[in-house]
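Quick note on this note's numbering: the sequence shown kicks off at 611 and runs consecutively. The structure appears below as structure tokens.
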Amino acid sequence: VEVKQLHRTGFHFQPPMHWINDPNGPMYYKGVYHLFYQYNPKGAVWGNIVWAHSVSKDMINWKPLDPAIYPSKPFDINGCWSGSATILPGEKPIILYTGIDPQNRQVQNQAVPANYSDPYLREWVKPDNNPIIVPVGGVNASAFRDPTTAWWSNGHWKFVVGSRRKHRGMAYLYRSRDFVHWVKAQHPLHSSANTGMWECPDFYPVSSSRKSGLETSVLGQNVKHVLKVSLDLTRYEYYTLGTYDPRSDRYVPDNTSADGWSGLRYDYGNFYASKTFFDAGKNRRILWGWANESDTPNNDTSKGWAGIQLIPRTVWLDTSGKQLLQWPIKELETLRGEKVHISNQQIKQGDHFEIRGITAAQADVDVTFRLSSLDTAEQFDPSWVNAQALCGQKGSTVQGGIGPFGLLTLASENLEEYTPVFFRVFKASEGHVVLMCSDARSSSLRRELYRPSFAGFVNVDLADGKLSLRSLIDHSVVESYGAGGKTCITSRVYPTLAVFQDAHLYAFNNGSETVTIENLNVWSMKSAQIS
Ligand code: FRU
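What follows is the structure, given as structure tokens:
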């Protein structure tokens, strides 16, 4: 197979070729970050799944190793699917993962390092007590997968496995005193009607007083919990914040956001099967997500690769206590090269101007816009509950009052192609509504691509008249963070003209109100060492 270089990423993780999906078992162990991921060693479509393995000192530059876990025993002979790592007392990592057995049942297994003194933990062994859990007692054997990192509370180790009962999404809870014998709890940790299969659940504490992350077993006064699930039906991820009772082992979401497909999302674009881990080296919680291609499977096969991992994000609780914030890990900044700075530049209605002097196909841009007045904002219609549909209706070229304004990323010189990332501000009965879009409809001249108008609302107070946007642009991905990480949107796009040196970056405004770029910093990004 010849691997096509066009659209391959320079600083987002991807192996030299073939298919990848979920990040698995990320962890920090003795100074080294480990990333495992679902990988097809034989092609650019899903199948033959093993746990590929890479290690890193900074989560940006990677050293590839041989696959760590691959089908070898009856309990995983038909596949080694997603799972998580737990670091047991005495600095002993252990992996929980889903195996596909000879009857194609989904079972839960363990693997441990063959040699704890190997700094890279290259070789993993599967103890003889596997599988540790099989789907019995009414559990659906074809919807029972993706064990979480285990936590310790009330004298037991506990973890959850994603599932469904008819249409009800489930997080089954298992307990053990010794990590060997596991018993299913009578009640799931949580479940929710009409949400379908819960893939890749994640459950962890966040501090309500500090930005630093918490180790997964931490409980206490200033702690809230996050439950995230990947909804197979919508292909988006949703989370709630809530309260965990370690005695009853129940999680109760706060009533500050919906519990289900209309709830909060980590990312309103192409971001799935994510997982967090506690980074004890830097005391933070890191979120890893996978972005699938938006191209056709035939094109994936002909280009020889499919799937990237997004930039790891630090995740913490907003001071409102009502949502999470996310920001690219600071190590990414080591790849920053030439820089261009712009300040106090007005953009009037209908104007766009080019930001020159950087490699626009591989860049990191961070901009703060200032709005002089909010008076001209259009009226918000309360029936507009679906941000993506609203962005489809009010795209980057539809004139408004305040906005649309923002960036035109991966743009061709004459704007035959561009991926706009932008805001639009509405007036509502109470305050303002801010819409953020990353609209792939104009991203490519190729018509057969999936080009959605991804969008989310931004819960931001516009009292100071400022709105910020950071976008990580990398050939076929635009990963954007609105208002300091309140709303994130990732798009996968495949320009035909706006490639390599022919890609451009513009700022634009199609609202009647002038907006000012208070500050804009953009850096050319060097390529990371990945494979
Ligand atoms: C999510 C998922 C998981 C499963 C894995 C298989 O993308 O479907 O539920 O474990 O991928 O590769």
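Don't be surprised by glycine CBs; every beta carbon is placed ideally from N, CA and C.
One Cα belongs to P745, the other to E733, and the distance between them is close to 28 Å. Of the residues T696, R755, F685, Q1139, the one whose Cα lies closest to the Cα of N740 is F685. Taking the Cα positions, Q831 is about 37 Å away from V977. Taking 6 Å as the cut-off, one finds no heavy atom of ligand 1 near enough to the beta carbon of E701. Closest by C-alpha distance to R1056, out of Y1028, D1071, R820, is Y1028. Proximity to N714 across D985, N688, T969 peaks at N688, based on C-alpha coordinates. Secondary structure at F881: coil, using DSSP grouped into helix, strand and coil.
Relative to ligand 1, the beta carbon of R755 is positioned inside 6 Å of a heavy atom. If the five residues before and after A654 are omitted, its C-beta is found closer than 6 Å to the C-beta atoms of H628, W629, D910, T911, G914, W915, A916, all from its own chain and listed in chain order.
Within the chosen limit of 6 Å, ligand 1 reaches the beta carbon of D632 through at least one heavy atom. Leaving aside the five residues that flank V660 on each side, the residues in its chain whose CB is nearer than 7 Å to its CB run, in chain order, Y649, P651, P677, I679, Y680, C690. Across the structure, Y1116 and S1022 are spaced so that their CA atoms are roughly 10 Å apart. The bridge partners DSSP lists for W734 are P723.
Not a single heavy atom of ligand 1 lies less than 6 Å from the C-beta of E612. By the Cβ-count criterion, E809 is buried, with 16 or more other Cβ atoms from all chains shown falling within 10 Å of its own Cβ. Annotation: the continuous beta strand (DSSP E) that includes G1066 extends over 1063-1068. Taking the Cα of G899 as reference, the smallest distance to any Cα among Y854, S858, V950, Y846 is reached at Y846. Set against 6 Å, the gap from the CB of Q720 to the closest heavy atom of ligand 1 is not smaller.
When DSSP reads this structure, M669 sits in no beta bridge, so it has no partner. DSSP, reduced to helix, strand and coil, places F621 outside both helices and strands of the structure shown, so it counts as coil. Per DSSP, P1030 is one residue of the beta strand (DSSP E) stretching across 1029-1037. Going by C-alpha positions, I957 is about 19 Å away from L1045.
Between the alpha carbons of W937 and P712 lies a gap of roughly 42 Å. DSSP, read as helix, strand or coil, puts G1002 in helix. In this model, N764 and Y861 are separated by some 15 Å (Cα to Cα).
With respect to the C-alpha of I710, the residue from F1118, T969, A753 having the closest C-alpha is A753. When the Cα atoms are used, G641 and K1076 turn out to be separated by approximately 39 Å.
Counted as a single uninterrupted DSSP element, the beta strand (DSSP E) harbouring D974 occupies residues 972-981.
Spatial neighbours of V816 in its own chain (CB-CB distance under 8 Å, excluding positions within 5 residues in sequence) are listed in chain order as G823, L824, V833, K834, H835, V836, L851, R895, V925, W926, L927, L934. Ranked by how close their Cα comes to the Cα of A987, the residues V1043, G1095, G879, G693 have V1043 in first place. In this structure, I659 has its beta carbon less than 6 Å from a heavy atom of ligand 1.
Relative to ligand 1, the nearest heavy atom lies less than 6 Å away from the CB of W691. In terms of side-chain proximity, the C-beta atom of E903 is found no nearer than 6 Å to any non-hydrogen atom of ligand 1. If you ignore the 5 residues before and after W792, its C-beta comes within less than 6 Å of the C-beta of I742, I743, Y784, S786, all in its own chain and listed in chain order. Taking a C-beta distance under 7 Å as the contact criterion, W1133 and R923 do not qualify as a contact pair.
For A795, the three-state secondary structure derived from DSSP is coil.
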